[in-house]
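Undergrad: In our numbering, each residue carries its 1-based index in the sequence shown increased by 3.
What follows is a single structure, and I will ask about it in a moment.
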Amino acid sequence: MEVKDITAVKQFLLSLQDSICAGLEEEDGSACFHTDQWDREKGGSGITRVLTDGATIEKGGVNFSHVFGEAMPATATAARPELAGRAYQAMGVSLVIHPRNPFAPTSHANFRLFVAEKSHEEPVWWFGGGFDMTPYYGFEEDCVHWHSVARDRCHGFGDGYYSKFKNWCDEYFHLKHRNESRGIGGLFFDDLNELGFEQTFGFVQSVATGYLEAYRPIVARRKNMPFEENHRRFQEYRRGRYAEFNLVYDRGTVFGLQSGVGRIESILMSLPPVVRWIYDYQAEPGSEEEKLTRYYLKPRDWV
């Protein structure tokens, strides 16, 4: 893989960050992303963009980072010991959007490239990423739209990619300690290089540019729906599940913390602004709150 390939990926990711922030600002209509550029003498650099207290988005972060290290972290070599001791670089865009309205879902997306290098050997590279959605109140049409975009963005690439990466997403975004899905899924892929660099990069571009197409229409439908305090309290309760997953299982968070080269404020920007844990919460049978876990948070074929 030539250096120009890495440069092309970096340029795309920076452009992706710009376009997603612009689209979300337009959807919010009242607030702008604060930009925070950071650069470390050793370890890498990045651009953190955070929007807070918007009319639609209570908190959202869209981050770009490009980090380097002399040896792969343990989280990355546990399943691939042949990478131990290799120098690496990793670049990506990661985002989490927490809307204010409880009827508007949280969304997450991440697109990244890893390159592991060793003298006198070919570099080892792979892409990872995808997007997923976490509703607090379920709407069938939102789930169908989200997965329809995911399916369409996989078309023309690897055989069965939508089904494969949809199932992987369902399996990955699962809170094992609660035996519960985090949301309604989407796409998740990692260690992807089977199509060759150019076509794999093309697949990543297809999925990444589909994020706003999947998310904005849903937010537009839900952001002005009237809600009451009990809806808000349930949203904050369910946000606790989001925090639990990101701190315990999320690969990006764990990698960032273990690598020692990430920026903590950027790594933890995914956490919701207001969260509550309610002891032994039990939803009323037949309620919309009960239906969320009984129906929407069960892996199913939405399209």
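All C-beta atoms in this analysis are idealised placements derived from N, C-alpha and C, irrespective of residue type, glycine included.
1. Across which residues does DSSP place residue 273 in a beta bridge pair?
2. The beta strand (DSSP E) with residue 238 in it runs from where to where?
3. Across which residues does DSSP place residue 131 in a beta bridge pair?
4. Tell me, to the nearest whole angstrom, how far the beta carbon of residue 31 is from that of residue 59; I am working on the premise that it is less than 8 Å.
5. Let me check understanding here. Comparing Cα to Cα, which of 237, 180 and 116 lies closest to residue 294?
6. Where do the N-terminal and C-terminal ends of the beta strand (DSSP E) with residue 226 fall, by residue?
7. Tell me the rounded alpha-carbon separation between residue 279 and residue 139.
8. Can you name the residues that DSSP bridges to residue 37?
9. If you follow the beta strand (DSSP E) that residue 97 is in, where does it begin and where does it stop?
10. Would a C-beta distance cut-off of 8 Å place residue 225 and residue 87 closer than the cut-off?
11. Could you tell me the alpha carbon to alpha carbon distance between residue 181 and residue 170, rounded to whole angstroms?
12. CA-CA distance, residue 14 and residue 47?
13. Give the DSSP-derived three-state secondary structure of residue 68 in the structure shown.
TA: According to the structure shown:
1. Residue 273 pairs with nothing; no bridge assigned.
2. Residue 238 -> not in any beta strand (DSSP E); alpha helix (DSSP H) instead, spanning 232-251.
3. 115
4. 4 Å
5. 237
6. Where residue 226 is concerned, there is no enclosing beta strand (DSSP E), given that its DSSP letter is neither H nor E.
7. 14 Å
8. 53
9. 90-102
10. no
11. 19 Å
12. 16 Å
13. strand
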